[in-house]
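Below you'll find the structure, written out as structure tokens, and then a few comments.
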Amino acid sequence: MMSDIQRLNLKREVGIIGAVSFIAGTMIGSGIFISPQFVLSAIGSPGASFVIWAFCGLIAMLGGLCYAELGTVIPESGAEYIYMLRTAGKVIAFMFVLSFIIVMRPASATGIALSLAEYVVAPFYSGCTPPQLVVKCVAAGVIMVLAIVNCLSIRLATAIQVVSMVVKLLALAVIILGGVVMLFQGHTENFENSFEGTNADVSSIGIAFYQGLWSYEGWNTLNFLTEELKHPEVRVSLIISLRNIYAVGK
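Letter 48 of the sequence shown, counting from 1, is numbered 445 in the working numbering, and no numbers are missing.
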């Protein structure tokens with residue numbers, strides 16, 4: 398019998414590129430391609446929607462800075478769970494992780510998977526709405542594949558994350574460049590009386606903020622795998638800073 402029990406440690410296999418991809422690849426998800434229309438429809442005007450996006454980016458940036466500090470002070474994987482465990486105690490941490498595993502994370506993953514499934518099956522049903530059964534089956538298949546990949550290898554999961562991040566950055570670049578080209582062509586009608594028709598009631602502002610913050614969701618992803626980072630005391634702060642630059646630009 399061993400005189401002492403060695404602590405189980407995760408392998409530190411995630412480098413700087415992989416860590417950046419986990420944050421950027423998670424933040425640049427289905428939200429940024431879906432949320433803008435709902436923010437605009439809820440708040441009612443282009444000018445007010447820009448204000449909502451700016452405040453959402455500020456909130457995400459402040460959250461990211463707090464998590465950069467927490468990730469360097471408590472270099473353990475688990476994010477909110479480990480922070481609650483170290484500060485509020487086991488009961489609060491258990492209640493959080495139970496609700497996170499049963500309700501919060503499945504609901505978020507389901508929404509993202511359904512959004513992906515809608516885009517995947519759309520080319521096969523041109524001119525009509527895809528059957529919900531097909532969409533749900535594709536979404537379930539995507540979730541199963543990603544779960545298996547994450548169970549098999551962190552390196553494989555990181556590689557897929559990096560590839561998906563590059564693809565999404567290219568898609569965003571095409572959208573941004575298209576908007577810049579239209580501006581240079583003189584399509585500035587949306588900036589004339591940009592605050593006209595703004596819905597200033599509490600419910601509209603709340604819905605717009607909800608959609609905007611969902612688009613920024615993912616800034617805390619890196620803290621879930623702090624123990625798998627190479628040199629986490631340096632890279633958490635660096636990568637969170639890069640993420641904040643993205644949040645401001647977004």
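A virtual CB, placed ideally from N, CA and C, is assigned to each residue, including glycine.
Fair warning: this is a prediction, and the values are worked out from it, not measured in the lab.
Near I429, what residues of its chain come up, given a Cβ to Cβ distance below 6 angstroms and the 5 sequence neighbours on each side ignored? Here the set comprises S612.
Do G615 and M424 have their C-beta atoms within less than 7 angstroms of each other? A contact, by the Cβ cut-off of 7 angstroms.
Are there three or more Cβ pairs, one per stretch, closer than 8 angstroms when the region 440-453 is compared with the region 591-611? Yes, they touch.
If contact is defined by three or more beta carbon pairs under 8 angstroms, each pair taking one atom from either stretch, is the region 457-475 in contact with the region 594-606? Inter-segment contact for the region 594-606 and the region 457-475 is absent: fewer than three beta-carbon pairs are separated by less than 8 angstroms.
I need the straight-line Cα distance from S418 to L495, nearest angstrom please. So the alpha carbons of these two residues sit roughly 27 angstroms apart.
Rounded C-alpha distance that separates A570 from L580: C-alpha separation (whole angstroms): 15 angstroms.
Just the C-alpha distance for R467 and G583, rounded to the nearest angstrom, thanks. The question names Arg, but residue 467 in the sequence shown is Leu. About 47 angstroms.
Inter-residue Cα distance where the pair is C525 and Q434: Distance between C525 and Q434, taken at the CA atoms: about 21 angstroms.
Whole-angstrom Cβ separation of Q619 and C453, contact assumed at under 8 angstroms? According to the sequence shown, residue 619 is Leu rather than Gln. No, L619 and C453 are not in contact; Cβ-Cβ is about 19 angstroms, not under 8 angstroms.
Counting only the same chain and skipping the five closest in sequence on each side, list residues whose C-beta sits under 7 angstroms from that of Y522. Correct list: empty, nothing qualifies.
Here's a check: name, in chain order, each residue in its chain whose Cβ is nearer than 7 angstroms to the Cβ of A554, leaving out the five neighbours to either side. These residues qualify, in order along the chain: V546 and N547.
G486 versus T507 - alpha carbon distance: If you draw a straight line from the Cα of G486 to the Cα of T507, it is about 30 angstroms long.
If you draw a straight line from the C-alpha of I456 to the C-alpha of N617, how long is it? Using only the alpha carbons, I get a separation of about 12 angstroms.
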